[in-house]
Amino acid sequence: MSEPHLSVRGLHKWYGAVHALRDLDLDIPKGQVLGLIGDNGAGKSTFIKILSGVHQQTEGQIHFEGKPTRIVTPRDAMNLGIETIYQYTAMVPEMSIARNLFIGREKRKWGVRGFGFLDQRAMAKEALEAIADVGLHLRSAEAPVKDLSGGQLQGVAIARAMHFRSRMLILDEPTNHLSVKETNKVLDYVRQLGAQGITVIFISHNLHHVHEVSDRIVAFAQGSKVADLETADTDVPTMIDLIT
Ligand SMILES: Nc1ncnc2c1ncn2[C@@H]1O[C@H](COP(=O)(O)OP(=O)(O)OP(=O)(O)O)[C@@H](O)[C@H]1O
Ligand SMILES: [Mg+2]
Numbered sequence: 000m001s002e003p004h005l006s007v008r009g010l011h012k013w014y015g016a017v018h019a020l021r022d023l024d025l026d027i028p029k030g031q032v033l034g035l036i037g038d039n040g041a042g043k044s045t046f047i048k049i050l051s052g053v054h055q056q057t058e059g060q061i062h063f064e065g066k067p068t069r070i071v072t073p074r075d076a077m078n079l080g081i082e083t084i085y086q087y088t089a090m091v092p093e094m095s096i097a098r099n100l101f102i103g104r105e106k107r108k109w110g111v112r113g114f115g116f117l118d119q120r121a122m123a124k125e126a127l128e129a130i131a132d133v134g135l136h137l138r139s140a141e142a143p144v145k146d147l148s149g150g151q152l153q154g155v156a157i158a159r160a161m162h163f164r165s166r167m168l169i170l171d172e173p174t175n176h177l178s179v180k181e182t183n184k185v186l187d188y189v190r191q192l193g194a195q196g197i198t199v200i201f202i203s204h205n206l207h208h209v210h211e212v213s214d215r216i217v218a219f220a221q222g223s224k225v226a227d228l229e230t231a232d233t234d235v236p237t238m239i240d241l242i243t
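With numbering that gives the first Met the number 0, letter number 191 in the sequence shown gets 190, and the count goes up by one each step, no holes.
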């Protein structure tokens, strides 16, 4: 078998006295869409915050693409090609769509004195192309992100991940507060990503959505992994039993 895209061993996280993640072992193959389920407080967000450099594990090892890795900051995660999409936090609402798409990777042009300034025009053009590539059509990339609907926001975040060739995409409750139509669009994106060989971790309380898009389902309860199943071998009622 080829080496896993991501592999964690003996991962623990304590927040003070709270043992939020307990001895997690998990291997995720490249291009797999992994659905992560569990009740409130099960440790799902804790796990993905460790992978995205928001928190550090208290104990345990992470291997990414076969190499031992320390993910200490969000920049480390970005450099590895791990992109995380939360409902609201991954964007700066007052800034334009284009600026948001290029956060941390701004294009600059060089002035005569050798100092760089932002190449707004190049970013706006490339942003619109990237967004169109995921089938989202916006008139302008100069509008502030706060004017987008929830589904459009997810679309822009997914366009960013695809445009910069993220290798792993983590979606933590991406469909919260979205309309049915917008939700279906996000679920479509997730399927497209998997089909393109991008590894996806998809977290949702909507077990129907998880069952629809995932290749594999992992359940957490009270910080421990309690189930790890091929999606084809399970159904929604069984998933409900697993997490309650
Ligand atoms: N920053 C923090 N400081 C202290 N405790 C925390 C912190 N973040 C999470 N916890 C605790 O860690 C445990 C796991 O929380 P986590 O957010 O990982 O759960 P979750 O599975 O994502 O839940 P939900 O489905 O409600 O989002 C909970 O007991 C929670 O209260
Ligand atoms: Mg959570």
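Ideal placement from N, C-alpha and C gives every residue a C-beta, glycine not left out.
Counted within 10 angstroms of its Cβ, other Cβ atoms place residue i as buried (16 or more) or exposed
| i | result |
| --- | --- |
| G196 | exposed |
| R138 | exposed |
| E181 | buried |
| H136 | exposed |
| A142 | exposed |
| G110 | exposed |
Host alpha helix (DSSP H) of residue i (start-end)
| i | result |
| --- | --- |
| G150 | G149 to H162 |
| K29 | Where K29 is concerned, there is no enclosing alpha helix (DSSP H), given that its DSSP letter is neither H nor E. |
| D187 | V179 to A194 |
| H11 | Premise fails: H11 lies in the beta strand (DSSP E), L5 to Y14, not in any alpha helix (DSSP H). |
| Q119 | Q119 to D132 |
| K108 | Unbroken run through K108 is the beta strand (DSSP E), R107 to W109; no alpha helix (DSSP H). |
| H208 | L206 to V212 |
Closer than 8 Å: residue i CB and nearest ligand 2 heavy atom
| i | result |
| --- | --- |
| D118 | no |
| D171 | yes |
| I239 | no |
Beta-carbon gap between residue i and residue j smaller than 9 Å
| i | j | result |
| --- | --- | --- |
| D24 | A220 | no |
| G149 | H176 | yes |
| I49 | I202 | no |
| A129 | S95 | no |
| I81 | S6 | no |
| R166 | K29 | yes |
| A16 | T45 | no |
| E229 | I242 | no |
Cβ-heavy atom distance, residue i to ligand 1, below 8 Å
| i | result |
| --- | --- |
| D24 | no |
| S44 | yes |
| F201 | no |
| V235 | no |
| G260 | One cannot answer for residue 260 here, as it falls past the ends of the chain, which runs 0 to 243. |
| H204 | yes |
| N78 | no |
Endpoints, the beta strand (DSSP E) within which residue i is located
| i | result |
| --- | --- |
| L228 | S223 to E229 |
| R98 | Careful: R98 lies outside any beta strand (DSSP E), inside the alpha helix (DSSP H) at I96 to L100. |
| A220 | R215 to A220 |
| D293 | Within the shown structure, residues of the chain are numbered from 0 to 243, placing residue 293 beyond reach of any answer. |
| T83 | I81 to I84 |
| V199 | T198 to I202 |
8 Å CB neighbourhood of residue i in its chain, flanking five on each side removed
| i | result |
| --- | --- |
| L192 | V32, I157, A160, M161, L168 and V199 |
Residues near residue i in its chain [Cβ-Cβ closer than 7 Å; skip 5 each side]
| i | result |
| --- | --- |
| D118 | K106, R107 and K108 |
| L186 | H208, E211 and V212 |
| Q55 | I49 and V71 |
| F63 | L5 and L79 |
Own chain residues within Cβ distance below 6 Å of residue i, not counting five before or after
| i | result |
| --- | --- |
| A76 | S51, G52 and I70 |
| F248 | The shown model of the chain, from 0 to 243, leaves out residue 248, and the question about it has no answer. |
| G42 | A19, L20, F219 and G222 |
is_contact[residue i, chain B] using C-beta, thresh 9 Å
| i | result |
| --- | --- |
| V235 | In the displayed structure, chain B is absent; only one protein chain is listed. |
Cβ-heavy atom distance, residue i to ligand 3, below 8 Å
| i | result |
| --- | --- |
| N99 | As presented, the structure is devoid of ligand 3, carrying ligand 1 and ligand 2 as its sole ligands. |
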